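Trainee:
Number of protein chains: 2
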Amino acid sequence: MSGPADFTHCLLLSGGLDSTTLAAWIVAHHPGEPIDAFTFLYGQKHAVELEAARAVARAFGISHHLVELPAIRGSALTDADRGLPQDRDLANAVGVAPSYVPARNLLFLAHMASIRDANGPGTLWLGVHHDDHTGYPDCRPEFVEAADMAVRFGTQFGLRVAAPFVQWPKAEIIRWGLSHGVRYELTHSCYQGRRPACGVCDTCQARLAAFTAAGATDPIAYER
Amino acid sequence: MSGPADFTHCLLLSGGLDSTTLAAWIVAHHPGEPIDAFTFLYGQKHAVELEAARAVARAFGISHHLVELPAIRGSALTDADRGLPQDRDLANAVGVAPSYVPARNLLFLAHMASIRDANGPGTLWLGVHHDDHTGYPDCRPEFVEAADMAVRFGTQFGLRVAAPFVQWPKAEIIRWGLSHGVRYELTHSCYQGRRPACGVCDTCQARLAAFTAAGATDPIAYER
Chain U
1021 MSGPADFTHC LLLSGGLDST TLAAWIVAHH PGEPIDAFTF LYGQKHAVEL
1071 EAARAVARAF GISHHLVELP AIRGSALTDA DRGLPQDRDL ANAVGVAPSY
1121 VPARNLLFLA HMASIRDANG PGTLWLGVHH DDHTGYPDCR PEFVEAADMA
1171 VRFGTQFGLR VAAPFVQWPK AEIIRWGLSH GVRYELTHSC YQGRRPACGV
1221 CDTCQARLAA FTAAGATDPI AYER
Chain S
1021 MSGPADFTHC LLLSGGLDST TLAAWIVAHH PGEPIDAFTF LYGQKHAVEL
1071 EAARAVARAF GISHHLVELP AIRGSALTDA DRGLPQDRDL ANAVGVAPSY
1121 VPARNLLFLA HMASIRDANG PGTLWLGVHH DDHTGYPDCR PEFVEAADMA
1171 VRFGTQFGLR VAAPFVQWPK AEIIRWGLSH GVRYELTHSC YQGRRPACGV
1221 CDTCQARLAA FTAAGATDPI AYER
């Protein structure tokens, strides 16, 4: 049983493959240390990812906290009048992605910081990676660095932010995960929230391409 | 009528005297530009400040948004089992204040950033000041600077954070406000949420001392 002042790892866990691999990363690098996983409901269409997050937390034996936020607006992932992007040419996409959710990572980090800072020191772990730098401002290294400072200076316990995959392509995350026994069949990515996954939305496309680049086969089922 | 891409000033408005003076500051320095005020409910005992915030927004003719968050824990301002500080020797207080609310300012800024970033560019205004540097980590200049970078890099519109009073003592805020017609009788500060104000909680004490230092009289009523 961990006391209130114990250092605790706080993982932003979506139930997708990046944050699931990050759970394995924390376990591998900080064996035996307490981990709290956080999943957020913010009005996303693919709230089915919550089930995946629960399954992942259970598989790793880590505690899981669900936080319900006021609905975020302004994204294809949240707004009924904005269609989900699909069949886009991701390799040549420019500008902010339609699935960017305004300030989502800052919001999640702030809530994790607030909850953790009430109890003791810790690190907030974020599974952002290189392939998202173009489309998502809050997945870039300069954001991670600034968020780390904001969380450090803005909390009584001087919490920190860590994002070890921030310079990794998604394929490298998968390679590392497969070599460390990550059970990708538990994860969920599809923006449409479908099972089997749609295979055509941006995130299904990115996931499939990354498995191919990693020389591996995605274990989840796809419609096409 | 302002369009979605108009630059908008977003004010964190508690209904206290610092944020109320900040409203006047924005109006004075950016005349005619749109201002959205945000007040947060986060389980605070003194939710009566919401009435003051509404009155202040009305007096300035600015739009007012109420955001209800999951309850924050870990502060004398929120937890039933933590008494509100009173009759403390504030001039000689050291360490984090009992009324520090874990990562509150980061949380508020993140929500304001998320709401604003869905629509267009803007600045997020924060009324933190010098007298709170010791007791509240998230009122220090290093936090403001880091939060500014986190919000800038973590949003599609590159929002910014401004805190023009961050190096001012509270008395100086009052002096500036009085010379610019701020109606302090509309504001509310008491942590106990009382009207008349208790006069003994930390914030009543700080407020009374600041009015005295400014050579002025606080227009609100006190129990003692």
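Those protein sequences? They're chains U and S, same order as listed. According to this note's numbering, the first sequence is numbered sequentially starting from 1021. According to this note's numbering, the second sequence is numbered sequentially starting from 1021. We put the beta carbon where it would ideally sit given N, CA and C, even for glycine. All of these numbers come straight from a predicted model, not from anything done at the bench.
Taking any Cβ of chain U, which residues in the stretch 1176-1203 of chain S have a Cβ under 7 Å from it, in chain order?
Mentor: So the close ones are 1176.
Trainee: Unbroken beta strand (DSSP E) runs of length 3 or more, entirely within the stretch 1025-1076 of chain U: which are they?
Mentor: Listed in chain order, the complete beta strand (DSSP E) runs (minimum 3 residues) inside the stretch 1025-1076 of chain U are 1028-1032 and 1055-1061.
Trainee: Tell me, please, whether the stretch 1024-1044 of chain U touches the stretch 1128-1145 of chain U by the rule of three or more beta-carbon pairs shorter than 8 Å.
Mentor: Judged by Cβ distances under 8 Å, the stretch 1024-1044 of chain U makes contact with the stretch 1128-1145 of chain U, as three or more pairs qualify.
Trainee: Which residue comes first and which comes last in the beta strand (DSSP E) that contains residue 1145 of chain U?
Mentor: Looking at the DSSP string, the run of the beta strand (DSSP E) that includes residue 1145 of chain U is 1142-1145.
Trainee: Residue range of the alpha helix (DSSP H) that residue 1183 of chain S falls in?
Mentor: It is not in any alpha helix (DSSP H) - residue 1183 of chain S carries neither H nor E in the DSSP assignment.
Trainee: Between S:1234, S:1060, S:1043 and S:1161, which lies nearest to residue 1132 of chain S when the distance is taken from Cα to Cα?
Mentor: Of the listed residues, the one whose Cα sits closest to residue 1132 of chain S is S:1060.
Trainee: Tell me the rounded alpha-carbon separation between residue 1023 of chain S and residue 1136 of chain S.
Mentor: Confidence in residue 1023 of chain S is poor, its pLDDT being 47 and thus under 50, which makes the residue's placement unreliable; the coordinate value appears in the next sentence. Answer to the nearest angstrom: the Cα atoms are 13 Å apart.
Trainee: For residue 1053 of chain U and residue 1118 of chain U, what's the separation of their Cα atoms in angstroms?
Mentor: Distance between the alpha carbons of residue 1053 of chain U and residue 1118 of chain U: 38 Å.
Trainee: Residue 1173 of chain S touches chain U at which residues, Cβ-Cβ below 7 Å?
Mentor: The answer, in chain order, is 1157, 1160, 1162, 1163 and 1166.
Trainee: Please determine, among S:1035, S:1218, S:1188 and S:1160, the residue with the shortest C-alpha to C-alpha distance to residue 1173 of chain U.
Mentor: The candidate whose alpha carbon is nearest that of residue 1173 of chain U is S:1160.
Trainee: Quick one: is the Cβ of residue 1213 of chain S within less than 7 Å of any heavy atom of the ligand COA?
Mentor: Ligands in the displayed structure: none, and consequently the ligand COA is not present.
Trainee: Output yes or no for whether 8 Å exceeds the beta carbon distance between residue 1233 of chain U and residue 1191 of chain U.
Mentor: Contact: yes.
Trainee: Taking Cβ to Cβ, would you say residue 1092 of chain U is nearer than 8 Å to residue 1062 of chain U?
Mentor: Result yes, Cβ atoms of residue 1092 of chain U and residue 1062 of chain U sit closer than 8 Å.
Trainee: Using a Cβ-Cβ distance under 8 Å, would residue 1170 of chain S count as near chain U?
Mentor: So, interface residue.
Trainee: For the beta strand (DSSP E) containing residue 1083 of chain S, list its first residue and its last residue.
Mentor: Residues 1083-1088.
Trainee: Give me the Cα-Cα distance between residue 1046 of chain U and residue 1243 of chain S, rounded to the nearest whole angstrom.
Mentor: Each residue's alpha carbon lies about 54 Å from the other.
Trainee: Please say whether residue 1037 of chain U and residue 1207 of chain U have beta carbons closer to each other than 8 Å?
Mentor: Against a cut-off of 8 Å, the Cβ pair of residue 1037 of chain U and residue 1207 of chain U comes out as a contact.
Trainee: From residue 1154 of chain S to residue 1115 of chain S, what does the alpha carbon distance come to, in whole angstroms?
Mentor: Between residue 1154 of chain S and residue 1115 of chain S, the C-alpha separation is close to 6 Å.
Trainee: Taking beta-carbon pairs under 8 Å, can you tell me which members of the stretch 1205-1236 of chain U lie near chain S?
Mentor: Here the close residues number zero.
Trainee: Assign residue 1176 of chain U to one of three DSSP states: helix, strand, or coil.
Mentor: In this structure, residue 1176 of chain U counts as coil in the three-state DSSP scheme.
Trainee: Using a Cβ-Cβ distance cut-off of 8 Å, determine whether residue 1123 of chain U contacts chain S.
Mentor: Judged by the 8 Å Cβ criterion, residue 1123 of chain U is in contact with chain S.
Trainee: Quick check: the Cα distance between residue 1021 of chain S and residue 1088 of chain S, rounded to an integer number of angstroms?
Mentor: Any reading at residue 1021 of chain S must be qualified, since the residue scores a pLDDT of 41, below 50, and its modelled position is unreliable; no value is offered.
Trainee: Who are the Cβ neighbours of residue 1069 of chain U in its own chain at under 6 Å, not counting the five residues just before and after it?
Mentor: Excluding positions up to five away in sequence, the list reads 1034, 1035 and 1208.
Trainee: Let me see if you follow: with CB-CB separation under 8 Å, is residue 1022 of chain U close to chain S or not?
Mentor: For residue 1022 of chain U, the pLDDT reaches just 47, beneath the cut-off of 50, and the residue's location in the model is therefore unreliable, although a value from the coordinates is still provided. No, no contact with chain S.
Trainee: Can you name, in chain order, every residue of its own chain whose Cβ lies under 8 Å from the Cβ of residue 1048 of chain U, other than the five neighbours on each side?
Mentor: Counting only Cβ-Cβ distances below 8 Å, and skipping sequence neighbours, we find 1200.
Trainee: By the 10 Å Cβ neighbour count, where 16 or more other Cβ atoms means buried, how is residue 1109 of chain U classified, buried or exposed?
Mentor: When all chains shown are included, residue 1109 of chain U counts as exposed.
Trainee: Going by the CB atoms, is the gap between residue 1189 of chain S and residue 1151 of chain S shorter than 8 Å?
Mentor: Taking 8 Å as the Cβ cut-off, residue 1151 of chain S and residue 1189 of chain S qualify as a contacting pair.
Trainee: Under DSSP, the alpha helix (DSSP H) around residue 1134 of chain U begins and ends at which residues?
Mentor: 1124-1137 is the extent of the alpha helix (DSSP H) around residue 1134 of chain U.
Trainee: Could you check the C-alpha separation between residue 1050 of chain U and residue 1214 of chain S for me, to the nearest Å?
Mentor: Each residue's Cα considered, the two are about 48 Å apart.
Trainee: From residue 1084 of chain S to residue 1074 of chain S, what does the alpha carbon distance come to, in whole angstroms?
Mentor: Residue 1084 of chain S and residue 1074 of chain S: Cα-Cα distance of roughly 7 Å.
Trainee: So residue 1087 of chain S contacts chain U; which residues on that side make the cut at Cβ distance below 7 Å?
Mentor: Here the neighbours are 1090.
Trainee: State buried or exposed for residue 1158 of chain U, treating a residue as buried only when at least 16 other CB atoms are found within 10 Å of its CB.
Mentor: Counting Cβ neighbours within 10 Å, residue 1158 of chain U comes out buried, since at least 16 surround it.
Trainee: Quick one, are the C-beta atoms of residue 1217 of chain S and residue 1240 of chain S less than 8 Å apart?
Mentor: Closer than 8 Å, so yes.
Trainee: Would the beta-carbon of residue 1211 of chain U fall within 8 Å of that of residue 1104 of chain U?
Mentor: Their beta carbons are under 8 Å apart, which means residue 1211 of chain U touches residue 1104 of chain U by this criterion.
Trainee: Going by DSSP, what residues sit across from residue 1106 of chain S in a beta bridge?
Mentor: DSSP output for residue 1106 of chain S lists S:1221 as bridge partner(s).
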